[in-house]
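The listed protein sequences derive, respectively, from chains A and B. So in my numbering, spot 100 of the first sequence is number 100, and the numbers just go up one at a time. So in my numbering, spot 69 of the second sequence is number 1069, and the numbers just go up one at a time. Note that the Cβ used here is the ideal one computed from N, Cα and C, for glycine as well. Keep in mind it's a predicted model, so treat the numbers as computed, not measured. Only one structure is covered here, and it is reproduced in the block below.
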Amino acid sequence: MSSLRIEEHPVLSFPERKLVKFFFDNEEYQGYEGEPIAAALHAAGVKTLRRSPQKNRARGFFCAIGRCSSCIMEVDGQINIMTCITPLQEGMRIRMQKGHGAITA
Amino acid sequence: MSRNTEIFVIGGGPAGLSAATVAAQLGATTLLVDDSPKLGGQLIKQTHRFFGSSNRDAGIRGITIANKLYQDVAEVANKLTVLENTAAVGFYSNKEAGILSQNLYERVSYQSAIVCTGATENSLTFDNNDLPGIYGAGGVQTLMNVHGIKPGKKILMIGSGNIGLIVSYQLIQAGVEVVGLVEGMPTIGGYLVHASKIRRLGVPIYTSHTILKANGETGVESAIICRVDPKFQPVPNTELKIDCDCICLAVGLTPLIDLFQQAQCRMVHVGELGGLVPLHDSSMRTTNPDIYVAGDASGIEEATTAMLAGRIAGARAYESIYGKSKEADAIIAEAREELRTLRSGSTGERIRWGRERVIREVESC
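Structure representation (structure tokens):
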């Protein structure tokens, strides 16, 4: 997996988890089942998660605890999902959110 | 749907867990809600050994303290209900509150509430401070110590308080290169023992410096720092470019106080405590007599004092329903003595001033 995964740590150990496939803007990625979507994307090197509504500025991971809304994305057709606290599941289709997004369903 | 409880605790960090455990141990029916999937608050990402009181787990790691608190909770499971992934969203006037979990909204009727919502991280003003790759120190710790992912390869740390120093060390442990530590004050803010550790590992510490700008379009590519004068104004022609792919902000915390304001608790601004805090007495009771406070929401401090204040709030909330109790008194006396010791000495000076001001204000109203 990506080099941003911690391989060795003097204090912590991270349990083996199941690798799953998911899609980000139609490209296939891999991450661990149950980890936050934004964490899986970050580990895979994806930094821009959405674009700001007014100035189209790149927005990424920030607070990591579902507080700041910097990481909101479109997940399986639903907009404004806080991806830093939403667990990754096999086959999820994730898209970068532009501005406020659009309700499609 | 609705729930009934005697004591309603909001927040499952060190303060909330301690408050709920004490209240349940004394015999009150208690409900604790936390909006995250895992209890423990910030303790679950603290890999370092704590200082503080030997009665309260000095010398052991934050993650281990969290495990001990879980055990305490498990032992009072007959009196204490815990709901994870559940946020308290507001108070009503008649001792009722609303909680929201996944897609379920419920009402909670309570006798006394203890609000331990903790704090949010401060940001800092500089050019491009919204770029992906700029994180709060808490975000970095979550990513690294909970999810096992590095924030980047080369990181610049802003702020040399204990959080900035400790997280720098944790980043090095995780295999991230800390390219520098920037501090606006002329001296390091945190304990020198932490600073020496990262200094020995070769991290340059830039005191009397600030960050002016982050460079990059869709992510951080470098940062510009510069020297500041005694009035914290940038000194011209002292700019220094530092290559890095991420920046960590460890520039303090602000108490998370929305629920207190919504419950019409009187608030007071105390700089030493991190900003606006609910006025409260030495029993941790706010000016809304049904609502108690503990932990960082009552003023920014750290986990050991949060646990102690939580114990006081839990015991007093119990007494507010069941009347005076010798057992509760003993818990409070012990916690107060430990707090007094922890806040003594020069490192506790700011906290002492801040807390004395809150007590003076509350006495005058």
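B:L1259 versus B:M1267 - alpha carbon distance
B:L1259 and B:M1267 have their C-alpha atoms roughly 11 angstroms apart.
Less than 8 angstroms between the beta carbons of B:I1297 and B:I1351, yes or no?
Before going further, note that residue 1297 of chain B is Ala rather than Ile in the sequence given. Result no, Cβ atoms of B:A1297 and B:I1351 do not sit closer than 8 angstroms.
Within 8 angstroms, strictly: CB atoms of A:Q30 and A:L19
Annotated as proximal: A:Q30 and A:L19, with beta-carbon spacing under 8 angstroms.
Do B:A1097 and B:E1121 have their CB atoms nearer than 8 angstroms?
It is not a contact, given that the beta carbons lie outside the stated cut-off.
DSSP three-state label for B:N1162, please.
Helix at B:N1162.
Using CA atoms only, rank isn't needed, just tell me which of B:A1077, B:P1186, B:H1280 is closest to B:E1363.
When each option's Cα is compared against that of B:E1363, the closest is B:H1280.
Can you confirm whether A:G60, when its beta carbon is compared against all beta carbons of chain B, has any partner nearer than 8 angstroms?
Interface with chain B (8 angstroms Cβ-Cβ cutoff): A:G60 is included.
Contact belief for A:I79 with A:Q54 at Cβ below 8 angstroms, rounded distance in angstroms:
Contact flag wrong, Cβ pair sits at about 17 angstroms.
Does B:A1174 have its Cβ less than 8 angstroms from a Cβ in chain A?
At a cut-off of 8 angstroms between beta-carbon atoms, B:A1174 makes contact with chain A.
Enumerate in chain order the residues of its own chain whose CB-to-CB distance from B:G1189 is below 6 angstroms, with the five nearest sequence positions on each side excluded.
Result list for B:G1189: S1160, G1161, in chain order.
Give me the Cα-Cα distance between B:T1304 and B:V1220, rounded to the nearest whole angstrom.
Note on geometry: alpha-carbon atoms of B:T1304 and B:V1220 lie some 36 angstroms from one another.
3 or more residues per run - each beta strand (DSSP E) lying fully within the stretch 1223-1252 of chain B:
As summarised for the stretch 1223-1252 of chain B, the continuous beta strand (DSSP E) elements at least 3 residues long and confined to that stretch are 1240-1243, 1246-1249, given in chain order.
Tell me, please, whether the CB atom of B:A1223 is closer than 8 angstroms to any CB atom in chain A?
It does not: the Cβ of B:A1223 has no partner Cβ on chain A nearer than 8 angstroms.
From the DSSP output, which residues share a beta bridge with B:N1366?
Absent from the model: residue 1366 of chain B. The displayed extent of chain B is 1001 to 1365, so no value can be given.
Opposite B:I1291 in the DSSP bridges: which residues?
Paired residues: B:A1113.
In angstroms with no decimal places, state the Cα-to-Cα distance between B:I1205 and B:K1154.
So the two alpha carbons sit approximately 15 angstroms from each other.
Where does B:N1067 fall in DSSP's three states?
When DSSP states are grouped into helix, strand and coil, B:N1067 belongs to the helix group.
Own chain partners of A:F24 with C-beta closer than 7 angstroms, once the 5 adjacent residues on each side are dropped:
Answer for A:F24: L41, V46, I94, listed in chain order.
With distances taken from CA atoms, which of B:P1289, B:S1283, B:Q1261 is nearest B:L1276?
The residue with the shortest Cα to Cα distance from B:L1276 is B:Q1261.
Enclosing alpha helix (DSSP H) for B:Y1318 [first to last residue]
From DSSP, the alpha helix (DSSP H) with B:Y1318 extends over 1303-1322.
Would a check of beta-carbon distances place A:E28 closer than 8 angstroms to chain B?
No, because no Cβ of chain B sits closer than 8 angstroms to the Cβ of A:E28.
Kindly indicate if chain B contains any beta-carbon less than 8 angstroms away from that of A:F14.
Closer than 8 angstroms to some Cβ of chain B, the Cβ of A:F14 qualifies, so yes.
Any idea which residues DSSP pairs B:P1204 with across the strands?
According to DSSP, which records beta bridges pairwise, B:P1204 is partnered with nothing at all.
Return yes when the Cβ of B:G1027 is within less than 8 angstroms of the Cβ of B:K1079, no when it is not.
The criterion of a C-beta distance shorter than 8 angstroms is satisfied by B:K1079 and B:G1027.
Outcome for B:K1150 when other beta-carbon atoms lying within 10 angstroms are tallied against a minimum of 16
Classification of B:K1150: buried, given that the 10 Å Cβ count is 16 or more.
By the 10 Å Cβ neighbour count, where 16 or more other Cβ atoms means buried, how is B:F1232 classified, buried or exposed?
Burial call: exposed.
Three-state secondary structure assigned by DSSP to A:V11:
Of the three classes helix, strand and coil, the one that applies to A:V11 here is coil, per DSSP.
Taking 8 angstroms as the CB-CB limit, is A:I72 close to chain B?
With 8 angstroms as the cut-off, A:I72 does not count as an interface residue toward chain B.
First and last residue of the beta strand (DSSP E) that includes B:T1210?
Looking at the DSSP string, the run of the beta strand (DSSP E) that includes B:T1210 is 1209-1215.
In chain order, what residues of the same chain have a beta carbon less than 8 angstroms from the beta carbon of A:K21, not counting five sequence neighbours either side?
Cβ neighbours of A:K21 within its own chain (closer than 8 angstroms, five residues either side excluded): E28, Y29, Q30, E90, G91.
Using a beta-carbon distance below 8 angstroms, is A:K98 in contact with chain B?
Closer than 8 angstroms to the CB of A:K98 there is not a single CB belonging to chain B.
How many whole angstroms separate the CB atoms of B:V1033 and B:T1086, which I take to be in contact at a CB cut-off of 8 angstroms?
Right, the Cβ-Cβ distance comes to about 4 angstroms (below 8 angstroms), so this counts as a contact.
Give me the Cβ distance between B:I1007 and B:T1021, rounded to the nearest whole Å; I'm assuming they're in contact under 8 angstroms.
The Cβ separation is near 11 angstroms, so there is no contact.
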